[in-house]
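There are 2 protein chains.
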Amino acid sequence: MPARVTTLKELAASLGLSITTVSRALAGHQQIAPKTRERVAKAARQAGYVPNTAARALVSGRSGFVGLVLPIRVPNLVDSFLGEFVTGLGEGLVSHGADLILATAAQDQAELDVLRHVVESGRADGVVVTRIAEVDERLAYLRRRGFPFVAHGRLLDSDFAYNWLDTDGAHAFGEAFDMLYDLGHRHFGLVTISEPMTFRHLRQDGLAAAISRRGDPSVRLDVATAPRFDRGARIQAVNRMLQGPDRPTAIVALFDELALTVMEEAARAGLTVPRDLSVIGFDNIVASAYAPPGLTTFDASIRQCAREIADMLLTVIADKPAEPLTRLIRPTLVPRASHGPAPRKTS
Amino acid sequence: MPARVTTLKELAASLGLSITTVSRALAGHQQIAPKTRERVAKAARQAGYVPNTAARALVSGRSGFVGLVLPIRVPNLVDSFLGEFVTGLGEGLVSHGADLILATAAQDQAELDVLRHVVESGRADGVVVTRIAEVDERLAYLRRRGFPFVAHGRLLDSDFAYNWLDTDGAHAFGEAFDMLYDLGHRHFGLVTISEPMTFRHLRQDGLAAAISRRGDPSVRLDVATAPRFDRGARIQAVNRMLQGPDRPTAIVALFDELALTVMEEAARAGLTVPRDLSVIGFDNIVASAYAPPGLTTFDASIRQCAREIADMLLTVIADKPAEPLTRLIRPTLVPRASHGPAPRKTS
DNA sequence: GCAAAAATTTAAAACGTTTGCAATTTTGCA
DNA sequence: TGCAAAATTGCAAACGTTTTAAATTTTTGC
Numbered sequence: 094m095p096a097r098v099t100t101l102k103e104l105a106a107s108l109g110l111s112i113t114t115v116s117r118a119l120a121g122h123q124q125i126a127p128k129t130r131e132r133v134a135k136a137a138r139q140a141g142y143v144p145n146t147a148a149r150a151l152v153s154g155r156s157g158f159v160g161l162v163l164p165i166r167v168p169n170l171v172d173s174f175l176g177e178f179v180t181g182l183g184e185g186l187v188s189h190g191a192d193l194i195l196a197t198a199a200q201d202q203a204e205l206d207v208l209r210h211v212v213e214s215g216r217a218d219g220v221v222v223t224r225i226a227e228v229d230e231r232l233a234y235l236r237r238r239g240f241p242f243v244a245h246g247r248l249l250d251s252d253f254a255y256n257w258l259d260t261d262g263a264h265a266f267g268e269a270f271d272m273l274y275d276l277g278h279r280h281f282g283l284v285t286i287s288e289p290m291t292f293r294h295l296r297q298d299g300l301a302a303a304i305s306r307r308g309d310p311s312v313r314l315d316v317a318t319a320p321r322f323d324r325g326a327r328i329q330a331v332n333r334m335l336q337g338p339d340r341p342t343a344i345v346a347l348f349d350e351l352a353l354t355v356m357e358e359a360a361r362a363g364l365t366v367p368r369d370l371s372v373i374g375f376d377n378i379v380a381s382a383y384a385p386p387g388l389t390t391f392d393a394s395i396r397q398c399a400r401e402i403a404d405m406l407l408t409v410i411a412d413k414p415a416e417p418l419t420r421l422i423r424p425t426l427v428p429r430a431s432h433g434p435a436p437r438k439t440s
Numbered sequence: 094m095p096a097r098v099t100t101l102k103e104l105a106a107s108l109g110l111s112i113t114t115v116s117r118a119l120a121g122h123q124q125i126a127p128k129t130r131e132r133v134a135k136a137a138r139q140a141g142y143v144p145n146t147a148a149r150a151l152v153s154g155r156s157g158f159v160g161l162v163l164p165i166r167v168p169n170l171v172d173s174f175l176g177e178f179v180t181g182l183g184e185g186l187v188s189h190g191a192d193l194i195l196a197t198a199a200q201d202q203a204e205l206d207v208l209r210h211v212v213e214s215g216r217a218d219g220v221v222v223t224r225i226a227e228v229d230e231r232l233a234y235l236r237r238r239g240f241p242f243v244a245h246g247r248l249l250d251s252d253f254a255y256n257w258l259d260t261d262g263a264h265a266f267g268e269a270f271d272m273l274y275d276l277g278h279r280h281f282g283l284v285t286i287s288e289p290m291t292f293r294h295l296r297q298d299g300l301a302a303a304i305s306r307r308g309d310p311s312v313r314l315d316v317a318t319a320p321r322f323d324r325g326a327r328i329q330a331v332n333r334m335l336q337g338p339d340r341p342t343a344i345v346a347l348f349d350e351l352a353l354t355v356m357e358e359a360a361r362a363g364l365t366v367p368r369d370l371s372v373i374g375f376d377n378i379v380a381s382a383y384a385p386p387g388l389t390t391f392d393a394s395i396r397q398c399a400r401e402i403a404d405m406l407l408t409v410i411a412d413k414p415a416e417p418l419t420r421l422i423r424p425t426l427v428p429r430a431s432h433g434p435a436p437r438k439t440s
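Residue numbers (our numbering), protein chains in the order written: chain A, 94 to 440; chain B, 94 to 440.
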């Protein structure tokens with residue numbers, strides 16, 4: 094390996110050219126003679142020259158980074174979301190030569206503070222914001238600040254337009270209802286969370302819309318609500334829904350973790366899925382394939398979404414489009430064995 | 094919100110001080126009068142001043158970032174490893190004010206190239222390297238370059254010392270054998286991969302060592318090997334091991350995915366786990382808890398390991414310790430329902 | 001063969017911070 | 001009060017790049 098050239102100055106000196114020329118040659122400017130351009134490119138390659146990120150960022154005002162503030166995570170909550178999401182972002186960014194910065198919020202620090210720090214310090218040219226709440230101060234801040242961002246998810250309603258990509262949970266929940274209705278189900282259960290997340294709202298609305306679209310007054314819907322991270326409360330809520338003979342024959346859960354709880358508690362209560370009870374989830378986490386009898390769910394292809402989010406954000410950064418970019422992704426049904434025909438009425 | 098002050102110059106001007114003094118005051122230098130220090134700190138807080146990362150990095154030679162090159166991932170391979178690992182790193186870094194940079198390798202790009210780019214561009218002050226192969230050019234490069242790094246995993250053997258943290262797979266596999274032996278098992282199976290990864294080697298050695306330690310000549314060990322990402326070959330190999338009456342009564346898999354395949358194929362072959370066959374995995378992925386009857390496995394607490402790796406790396410960066418830092422983490426057994434007493438001999 | 005135009009190259013400033021050294025102010029003590 | 005020492009503050013250079021404007025070289029047209 095040849096001696097390493099670390100700066101433009103050294104490279105320029107070794108070529109007998111000015112820093113300016115070398116810089117422009119490497120940037121591919123047309124005003125540099127093609128012969129020179131090539132000579133410089135070759136020398137740079139041989140010397141293993143890599144431009145200094147900080148210097149470039151300082152002068153150009155572009156860091157070449159996209160930021161993501163790591164959602165604060167409940168201690169032992171493990172899922173594959175983050176890994177998939179980050180992988181997808183990376184895949185989307187790499188083709189444009191951008192990299193990802195992950196900033197973590199300290200124990201007692203608000204996510205907004207970290208976001209502000211990332212933005213104000215010029216670490217990143219744009220940010221991705223996930224897990225959007227119904228009203229989200231992060232988006233308000235970014236909007237005020239005029240900083241490029243793409244949201245994964247939507248606000249419930251807002252007085253301003255912004256770039257977002259979201260999964261069409263409303264459609265999925267409508268689809269789930271239609272499928273179950275066609276299988277004869279009339280008494281439904283919805284297991285949901287109490288936190289004000291937009292996706293909860295949208296999915297519930299999608300379900301409600303599908304029900305009213307059907308216009309069958311015999312359709313009933315029970316709702317069980319529990320805090321997202323309170324496993325005990327969740328189990329209680331599910332059991333309340335499951336007990337007694339007049340229980341739903343089909344339960345739709347806001348996401349797979351809830352659906353898996355439903356299946357566990359159903360089994361504990363002596364119910365057989367799907368004979369006595371149909372269960373449908375959302376997210377298609379890995380465990381859903383393994384939990385007997387296999388959970389029917391929707392796949393939102395997080396990785397693919399993240400890749401698109403990266404593309405969108407890079408477009409926003411580069412082109413500053415006048416109209417906000419929005420994208421609604423329809424999740425695909427993953428039929429497994431947790432749903433089936435409604436049980437015959439025995440009562 | 095007051096008008097934003099974005100540079101030291103502005104902040105200095107608003108205070109009637111020089112840039113130097115403000116810079117030092119914010120850095121907490123002793124030579125600045127306490128009264129001034131406080132005045133500056135207050136003004137900075139009120140103005141929402143955040144120092145420019147690029148400028149600071151340029152002059153100080155420290156970026157405040159730690160790099161991680163995203164392992165190139167097989168298309169639909171999903172696991173929670175990356176998410177946990179990244180979360181742990183973030184948690185470890187945040188207390189020292191550092192952030193994480195994730196660089197992704199493009200489709201046909203070698204991971205080493207990306208690593209080199211991260212190092213040479215000065216983006217990061219140190220890097221974390223995961224999934225160490227038996228012989229790994231990345232470590233050789235970093236060593237040559239004298240760049241701070243911590244490896245998650247070890248080389249098989251090396252002529253140089255380096256910083257690493259690893260899971261004690263050898264111990265775990267010995268523990269698994271001992272437990273199974275005490276349950277009466279004498280005929281063992283090992284399902285492993287064909288790739289030259291150090292962890293494979295260590296775990297196999299740990300198993301072999303435990304067997305020879307026991308000194309019982311009636312102990313037998315069958316080995317099934319398949320490429321890591323070739324599901325078809327894996328299933329074939331497992332079935333070869335499972336077929337016939339003279340099959341192992343206990344199978345240890347290199348990691349949970351393999352163990353889950355074993356359980357699936359065992360079920361398909363009409364074997365009941367753990368009555369006819371005990372199975373033990375390694376990693377404690379989420380699905381292992383859900384796959385019936387519940388896989389007994391070892392938990393390596395990735396998140397905690399990552400946090401320690403972050404600590405180690407920050408120490409290496411700051412203190413340049415003369416002796417390399419090394420840390421061997423003993424994984425904990427997660428007993429579920431996939432292991433039990435050896436079946437009575439029926440032949 | 002010469003002036004004008006086009007092509008190519010370069011000098012120097014700027015980006016926002018840290019830091020060695022010098023300048024200034026304050027303090028302590030006779 | 002005066003002077004040295006200590007404490008505090010400021011000037012200016014440096015980090016490695018991009019970019020504006022200007023300088024230089026080459027080409028073109030007649």
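Yeah, the Cβ is synthetic: ideal placement off N, Cα and C, and Gly gets one too.
Taking 9 Å as the threshold, the shortest C-beta distance from Ile194 (chain B) to chain A falls below it.
Ile328 (chain B) carries a helical assignment under DSSP once its states are collapsed to helix, strand and coil.
Contact of Asn332 (chain B) with chain A by beta-carbon distance below 7 Å is absent, the smallest such distance being about 19 Å. Scanning the stretch 221 to 276 of chain A from its first residue to its last, the whole beta strand (DSSP E) runs of 3-plus residues come out as 242 to 245 and 257 to 260. Residue A:Arg166 holds the alpha-carbon nearest to the alpha-carbon of Phe322 (chain A) among A:Asp315, A:Ile373, A:Ile194 and A:Arg166. Taking 9 Å as the threshold, the shortest C-beta distance from Gly183 (chain A) to chain B falls below it. Setting aside the 5 residues that flank it on each side, Ala269 (chain A) is surrounded in the same chain by Val345 and Ile373, each with a C-beta closer than 6 Å to its C-beta; the list follows chain order.
Between Arg437 (chain A) and Gly387 (chain A), the CB-CB gap reaches or exceeds 9 Å.
Between Glu288 (chain B) and Ala302 (chain A), the alpha-carbon positions lie close to 52 Å from each other. In the same chain as Arg216 (chain A), and ignoring 5 residues on each side of it, the C-beta atoms closer than 7 Å to its own belong to Ser156, Phe158, Gly160 and Ile194, in chain order. By the criterion of a C-beta distance shorter than 7 Å, Ser311 (chain A) is surrounded in its chain by Arg279, once the five residues flanking it on both sides are discounted. Two segments are said to touch when three or more pairs of C-beta atoms, one from each, lie closer than 8 Å; by this definition the stretch 243 to 263 of chain B touches the stretch 401 to 409 of chain B. Interface residue (Cβ-Cβ distance to chain A less than 9 Å): Ile344 (chain B) is not classified as such. The shortest C-alpha to C-alpha distance from Arg423 (chain B) to any of B:Thr389, B:Pro414, B:Ala382 and B:Phe375 is the one to B:Phe375. The C-beta of Ile422 (chain B) comes no closer than 9 Å to any C-beta of chain A.
Counting along the chain, the unbroken alpha helix (DSSP H) around Val133 (chain B) starts and ends at Pro127 to Ala140. Our two residues, Pro164 (chain A) and Asn332 (chain B), have alpha carbons roughly 42 Å apart in a direct line. Annotated as distal: Tyr142 (chain A) and Ala150 (chain A), with beta-carbon spacing of 9 Å or more.
In the structure shown, Gly282 (chain A) adopts extended strand secondary structure according to DSSP, grouped into three states.
Bridge pairing for Asp298 (chain A): absent [DSSP].
The beta-carbon distance between Pro341 (chain B) and Gly282 (chain B), rounded to whole angstroms, is 3 Å. This is short enough to meet the 8 Å contact definition. Phe348 (chain A) and Ala326 (chain A) have their alpha carbons spaced roughly 16 Å apart. For Phe178 (chain A), the uninterrupted alpha helix (DSSP H) run begins and ends at Phe174 to Val187, by DSSP. In this structure Ala126 (chain A) is exposed. Its beta-carbon is surrounded by fewer than 16 other beta-carbon atoms within 10 angstroms.
Contact with chain B is absent for Ser251 (chain A), since none of that chain's Cβ atoms lies less than 9 Å from the residue's Cβ. The residues Gln124 and Ile125, in chain order, have a CB closer than 8 Å to that of Arg117 (chain B) in the same chain once the five nearest residues on each side in sequence are set aside. In this structure, Thr99 (chain A) sits away from Ala105 (chain A), with a CB-CB distance that is not shorter than 9 Å. Boundaries of the alpha helix (DSSP H) harbouring Thr146 (chain A): Thr146 to Ser153, taken from the DSSP string. Sequence-distant partners of Gly183 (chain A) (beyond 5 residues in either direction) whose C-beta falls short of 7 Å from its own C-beta, in its chain, are Leu193.
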